[in-house]
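>
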Amino acid sequence: MTAETLRAAPAAIAAAVDAQRDELRDLALDLHAHPETAFEEHRSAAKLAHMLREDGFDVDEGVAGLDTAFVARHRFGPGGPRIALLAEYDALPGLGHACGHNLISAACMGAARALRRRSDATAGELLVVGTPAEEGGGGKIIMLDQGVFDGVDAAMMFHPGGRTMTTRGSLAAARVTMRFHGRAAHAAAAPHVGINALDACIQTFNAINALRQHVRDETRIHGIITNGGEAANITPAFAEAKFSVRHRRFEYVQELLERVKACATGAATSVGATVTFEDGLAYAERRVNGALAERFGAHLEHQGERVLQPLSVGGVGSSDFGNLSQTLPAIHPYVAIVAEGTSAHTPEFAVAAASPDGLRAVGIAATALALTANDLFTDPTLLARVTAEFAQEATV
Ligand SMILES: [Zn+2]
Ligand SMILES: [Zn+2]
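6 is the number of the first residue of the sequence shown in the working numbering; add one for each residue after it.
Below, the structure is given as structure tokens:
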């Protein structure tokens, strides 16, 4: 931190976040009470877009062909950088806001509105980007492909977690839906004419479990059966499974995906069935911009937060933010809302996303996001370092 970044404007920005405390709490709790899953976040997206419009932003809804994506803009002045703050707001099927995206949205709103009101920037444009369907739908990947992030110099968001840290990466991931086709038969009277698609599916799981012994460390392969037949007395003519394949390197994920598909093809062949594959969007591994993460960390520490290093092994998921971070300088830091070791995507985490600790993280993250963005708008040396690092550095 330079003395330059501790001027009057930052204090005013922090105060402007603090002044929104009750409103941000109400927003976070309201989103939490009305969870919407990927691409169905109509109420959540409309609420956020409305808040930004009321605050003076120019808001486009339904961008990139996605009903629940939006972009809000505020220009401080001609020229200058274009900086994006990201909001996620999708929940998980059956679990509600068990990834805490309601807190991400609230922090983003707090930061964006404080910046617009109190920044001393005289050039540049602030974007608030509402990115739907992080949980499997790849909203950011679609928005990237549609040019939503063209011309953006840096992007940032915060995510709640079990450990406050600014530099954690994420795994590259691929998803595949497998559809097994067999032939129905009376399971008792004429089983010899049946081809059991469910058996092909189960054998696929067994083959993949054998494959696990011969993959690189930190590989993750996990699946569920989404259709296992209609009745016990009918030989299943159809079965369906969904798998995710993950590793630190995208190239290896692609290699693994072919081996996983070979397991399914072999399993289907072994029972006389066939299998087809539908590939999902591929999530790239995350790059972390060190200069930007360091600045965000300084703004956390300035608020009394202790910033920790990420674990050297494990504790890592995947996000469509990875694809974004491969395209432009970006950070995806974490602020703890649960005890370390408590996993996201659990009922416990959903409770934490509406707890005092969760709401506290909103204010801390919003302040650090706003101050980091303000630095990018007003400190050309920081932006230059961020940009240079992105141009030079290999994947973390
Ligand atoms: Zn999640
Ligand atoms: Zn999440």
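We put the CB at the ideal spot given by N, CA and C, even for glycine. As the structure is a prediction and not an experimental result, all values here were calculated from the model.
1. Please list, in chain order, all residues of the same chain as glycine 285 whose beta carbon is under 8 Å from its beta carbon, the five residues on each side excluded.
2. Within 10 Å of its beta-carbon, does arginine 80 have 16 or more other beta-carbons around it, so buried, or fewer, so exposed?
3. For tyrosine 94, which of helix, strand or coil comes out of DSSP?
4. Report buried or exposed for isoleucine 147, applying the criterion of at least 16 other Cβ atoms within 10 angstroms of its Cβ.
5. Can you name the residues that DSSP bridges to alanine 160?
6. Suppose you measure from the CA of threonine 60 to the CA of alanine 38; what does that come to, to the nearest Å?
7. Determine the contact status of alanine 92 and leucine 120, defining contact as a CB-CB distance below 9 Å.
8. Label glycine 156 either buried or exposed according to how many other C-beta atoms from any shown protein chain fall within 10 Å of its C-beta, with 16 as the threshold for buried.
9. Run the proximity test for cysteine 104: is its beta-carbon closer than 8 Å to any non-hydrogen atom belonging to ligand 1?
10. Which parts of the segment 184-216 are runs of the alpha helix (DSSP H), unbroken and 4 residues or longer, counting only runs that do not cross its ends?
11. Assuming the contact rule is C-beta atoms closer than 8 Å, proline 338 and alanine 103 should be a hit. Round their C-beta distance to whole Å, please.
12. On the DSSP bridge assignment, give the partners of arginine 80 in chain order.
13. Could you tell me whether any non-hydrogen atom of ligand 2 is closer than 8 Å to the CB of alanine 5?
14. Please work out which residues of its chain come closer than 8 Å, Cβ to Cβ, to asparagine 201, disregarding the five sequence neighbours upstream and downstream, and give them in chain order.
15. Would you call the CB atoms of leucine 305 and isoleucine 369 closer than 9 Å?
16. How would you write the range of the beta strand (DSSP E) that alanine 289 sits in, first residue to last?
17. Out of Arg123, Thr42, Asp72, Gly167, point me to the one whose CA is closest to phenylalanine 354's CA.
18. Can you list, in chain order, the residues of its chain whose CB lies under 7 Å from that of proline 385, leaving out five sequence neighbours each side?
19. Just checking, does the segment 201-218 make contact with the segment 284-298 on the three C-beta pairs under 8 Å criterion?
20. Considering only C-alpha positions, which residue in the set Ala296, Gly99, Arg251 is nearest to leucine 381?
21. In whole angstroms, what is the alpha-carbon distance linking lysine 247 and serine 323?
22. Does threonine 377 pass the burial test, meaning 16 or more other C-beta atoms within 10 Å, or should it be called exposed?
23. Let me know the secondary structure DSSP gives alanine 282 once reduced to three states.
24. Report the three-state DSSP secondary structure of isoleucine 239 (helix, strand or coil).
25. Just grab the DSSP bridge partners of glycine 101 for me.
26. Please state if the CB of aspartate 325 and the CB of glutamate 139 are separated by a distance shorter than 9 Å.
27. Could you give the residue range of the beta strand (DSSP E) that holds glutamate 66?
28. Out of curiosity, what's the CA-to-CA distance linking alanine 117 and glutamine 25?
29. Have a look at alanine 13 and alanine 375 and give me their C-alpha separation to the nearest angstrom.
30. Taking the C-alpha atoms as reference points, what is the distance between arginine 300 and glutamate 398?
31. Quick one: what does DSSP say methionine 6 is sitting in, helix, strand or coil?
32. Using a threshold of 9 Å, state whether the C-beta atoms of alanine 50 and aspartate 72 are closer than that.
33. Under three-state DSSP, which class holds threonine 377?
34. How should methionine 6 be labelled, buried or exposed, when 16 other C-beta atoms within 10 angstroms of its C-beta is the threshold for buried?
In this structure, then:
1. For glycine 285, the CB contacts under 8 Å within the same chain, skipping 5 residues up- and downstream, are Gly141, Gly143, Ala179, Arg180, Val181, Thr182 in chain order.
2. Arginine 80 is exposed by the Cβ-count criterion.
3. In the three-state reduction of the DSSP assignment, tyrosine 94 falls in the coil class, being assigned neither a helical nor a strand state.
4. Residue burial annotation: isoleucine 147 is buried, with at least 16 other C-beta atoms found within 10 angstroms of its C-beta.
5. For alanine 160, DSSP records a beta bridge to Ala89, Ala335.
6. Residue 60 is actually aspartate in this sequence, not threonine. Our two residues, aspartate 60 and alanine 38, have alpha carbons roughly 24 Å apart in a direct line.
7. For alanine 92 and leucine 120, no; Cβs fall outside 9 Å.
8. Exposed, by the Cβ-count rule.
9. For cysteine 104, the CB falls within less than 8 Å of some heavy atom of ligand 1.
10. Runs found: 202-216.
11. Taking a contact as a CB-CB distance under 8 Å, the pair proline 338 and alanine 103 does not count as one, their CB atoms being some 20 Å apart.
12. BP columns for arginine 80 point to Glu130.
13. Within the shown structure, residues of the chain are numbered from 6 to 401, placing residue 5 beyond reach of any answer.
14. Hits under 8 Å: Gly187, Thr240, Pro241, Val276, Ala278.
15. Yes, the Cβ-Cβ distance between leucine 305 and isoleucine 369 is below 9 Å.
16. Neither: alanine 289 is in no beta strand (DSSP E) and is coded neither H nor E.
17. Sorting Arg123, Thr42, Asp72, Gly167 by C-alpha distance to the C-alpha of phenylalanine 354 places Gly167 at the top.
18. For proline 385, where only same-chain residues beyond five positions count, there are no Cβ hits under 7 Å.
19. Too few Cβ pairs lie closer than 8 Å, so no.
20. With distances taken between Cα atoms, leucine 381 lies closest to Ala296.
21. Going by the C-alpha atoms only, they are around 16 Å apart.
22. Flag for threonine 377 reads buried.
23. Reading off the sequence shown, one finds phenylalanine at residue 282, where the question assumed alanine. Residue state for phenylalanine 282 is assigned as strand, using DSSP reduced to three classes.
24. Assignment of isoleucine 239 by DSSP, reduced to helix, strand and coil, places it in the strand class.
25. Among the bridge pairs identified by DSSP, glycine 101 is matched with Leu97.
26. In contact: glutamate 139 and aspartate 325 (Cβ atoms closer than 9 Å).
27. First-last of the beta strand (DSSP E) with glutamate 66: 63-66.
28. When only Cα atoms are considered, alanine 117 and glutamine 25 end up about 11 Å apart.
29. Roughly 14 Å between the two C-alpha positions.
30. When the Cα atoms are used, arginine 300 and glutamate 398 turn out to be separated by approximately 17 Å.
31. Because the pLDDT of methionine 6 is 45, which lies under 50, any placement of that residue in the model is unreliable, and the question is left without a value.
32. Cβ distance < 9 Å, so alanine 50 and aspartate 72 count as in contact.
33. In the structure shown, threonine 377 sits in a helix (DSSP, three-state: H, G or I).
34. Annotation note: pLDDT 45 at methionine 6 (below 50); position unreliable, no value reported.
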